[in-house]
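Numbering (our numbering), first residue to last: 554 to 716. Working notes, beginning with the structure itself.
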């Protein structure tokens, strides 16, 4: 039988479960605007998923060197989200700036599991996991990740693991 202590987790528990982005991770800054918030002045949670999608687009284009629009419109390769989850740890407030970054947790044949982390003031504010699947935009069926994209992702993953 495992005994789980009750009470508030310590700062060390938080840092272990929700680590800051590794040094080599792609990052973008996003200001929290009035349009992102609810009447309480905190980010309305679905807005984060829109931010996540924007970070992924920026990561493909700026971090991996694959123009996201061209990938969809010319290569006809889609990357729909098939699973999403998020832990909302510290509320984001209007006027703050978040640093969002991407880490590859798993690279499958056609799927990619990504960890999206948002930080501010040296703390993880939220941590989301997204699974995207390479999909033909002609047949809408999953397809293997193209080799050039897979190579770039492997290089990125290695760069993130270096400390």
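Backbone N, C-alpha and C define an ideal beta-carbon position, used for all residues, glycine too.
Proximal residues to residue i (C-beta, below 7 Å), its chain only, five neighbours per side dropped
{"i": "residue 669", "result": "605, 608, 653, 655, 681, 683"}
{"i": "residue 612", "result": "579, 655"}
Separation of residue j from residue i, as counted between CA atoms
{"i": "residue 699", "j": "residue 679", "result": "31 Å"}
{"i": "residue 691", "j": "residue 662", "result": "19 Å"}
{"i": "residue 577", "j": "residue 677", "result": "17 Å"}
{"i": "residue 635", "j": "residue 598", "result": "18 Å"}
{"i": "residue 555", "j": "residue 658", "result": "Reliability of the predicted coordinates at residue 555 is poor, the pLDDT of 48 falling under 50, and no value is obtained from them."}
{"i": "residue 557", "j": "residue 672", "result": "Only weak support exists for where residue 557 lies, its pLDDT of 46 falling under 50; the coordinates are left without a value."}
{"i": "residue 582", "j": "residue 620", "result": "19 Å"}
{"i": "residue 709", "j": "residue 591", "result": "36 Å"}
{"i": "residue 706", "j": "residue 641", "result": "27 Å"}
{"i": "residue 713", "j": "residue 610", "result": "18 Å"}
{"i": "residue 637", "j": "residue 571", "result": "17 Å"}
For residue i, the nearest candidate out of the options (CA to CA)
{"i": "residue 693", "options": "675, 685, 631", "result": "631"}
{"i": "residue 711", "options": "575, 627, 571, 688", "result": "575"}
{"i": "residue 667", "options": "685, 618, 623", "result": "685"}
{"i": "residue 704", "options": "610, 569, 603, 617", "result": "617"}
{"i": "residue 603", "options": "639, 664, 697", "result": "639"}
{"i": "residue 615", "options": "626, 580, 629", "result": "580"}
{"i": "residue 627", "options": "695, 689, 569", "result": "689"}
{"i": "residue 649", "options": "570, 571, 584", "result": "584"}
{"i": "residue 702", "options": "570, 687, 569", "result": "687"}
Chain-order list of residues whose beta-carbon lies under 8 Å from that of residue i (same chain, five-residue window excluded)
{"i": "residue 586", "result": "647"}
{"i": "residue 675", "result": "573"}
Cutoff 6 Å; reference residue i; Cβ partners in own chain excluding five residues on either side
{"i": "residue 589", "result": "596, 600"}
{"i": "residue 512", "result": "Examination of residue 512 is not possible in this model, given that the chain is present from 554 through 716 alone."}
{"i": "residue 665", "result": "685"}
{"i": "residue 624", "result": "630"}
Beta-ladder partner(s) of residue i, from DSSP
{"i": "residue 637", "result": "683"}
{"i": "residue 668", "result": "656, 682"}
{"i": "residue 677", "result": "672"}
{"i": "residue 695", "result": "688"}
{"i": "residue 630", "result": "689"}
{"i": "residue 646", "result": "595"}
{"i": "residue 651", "result": "583"}
Minimum Cβ-Cβ distance from residue i to chain D less than 8 Å
{"i": "residue 569", "result": "Looking for chain D here will not work: only one protein chain is present."}
(message) As an exercise, report each continuous beta strand (DSSP E) stretch of at least 3 residues that is fully enclosed by the stretch 570 to 609, in chain order.
(response) If we require 3 residues or more, the beta strand (DSSP E) runs fully inside the stretch 570 to 609 come out as 579 to 584.
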